[in-house]
Amino acid sequence: MQTSVFDCNILRLPKVYNKSGNITAINNQLEIPFKTKRVYYLYDIPGGESRGGHAHKELQQLIIAASGSFDIIIDDGMVKRTFHLSRPYTGLYLPSGLWRELDNFSSGSICLVLASLRYDENDYIRDYKSFKKYKSLNDS
Ligand code: TYD
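The working numbering numbers the first residue of the sequence shown as 10 and each following residue consecutively.
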């Protein structure tokens, strides 16, 4: 995919304020530019751990710190950008074709992910050298 780190955006999601607790809703192709086929979440992440370390060929995602905070480092093979997520009403839109690492998880944090496709191991690129090769072939 011809995507760069500059195709990632922090999306500000609507917040329905209520003094007894807020609500954020995410609608397919309204707040996010894709149709969600899968929702998953990371939790019980031990201190000092990092996740990710892969890219996807087709998958698009929205990543939210539903609780706590963490950093996401995005890499397109040329440029890296780091995003800090710490609010349940902001999400990082992540198109396909980008390497990502997640780290600096706060204690008890929850990383909520909306994904455009079902889980498919064939969609992953898990080796960084293969990712660089994939980008150079697909970007030329
Ligand atoms: P992975 O996406 O590599 O995790 P992370 O990027 O958070 O480090 O997934 C780890 C394992 O979890 C993977 O090998 C299979 C399983 N898994 C599923 O079964 N379904 C899913 O939707 C996801 C995301 C992972």
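Beta carbons are placed, not taken as given, at the ideal position from N, Cα and C, and that holds for glycine.
As the structure is a computational prediction, the values presented were derived from the model and not from experiment.
- Per DSSP, the continuous beta strand (DSSP E) segment holding Cys120 begins and ends at Ile119 to Ala124.
- Burial is judged here by how many other beta carbons sit within 10 angstroms of a residue's own beta carbon; Thr91 has fewer than 16 and is exposed.
- Look at which beta carbons fall closer than 5 Å to any heavy atom of ligand 1; those residues are Tyr49, Arg60, Gly61 and Tyr128.
- Ser118 and Lys142 have their C-alpha atoms some 34 Å from each other.
- For Leu22, same chain residues with a beta-carbon under 7 Å away, outside a window of 5 residues either side, are Thr33, Ile35, Glu40, Tyr98, Thr99 and Gly100 in chain order.
- Residue pairing of Val48 in beta bridges, as defined by DSSP: Leu123.
- Per DSSP, the beta-bridge partners of Ala64 are Ile134.
- If the five residues before and after Asn131 are omitted, its C-beta is found closer than 7 Å to no C-beta atom of its own chain.
- Note that the C-beta distance between Tyr128 and Trp108 is not below 8 Å.
- The shortest C-alpha to C-alpha distance from Ala74 to any of Val25, Gly56 and Ser115 is the one to Ser115.
- Secondary structure note for Asn18: its beta strand (DSSP E) is the uninterrupted segment Asn18 to Arg21.
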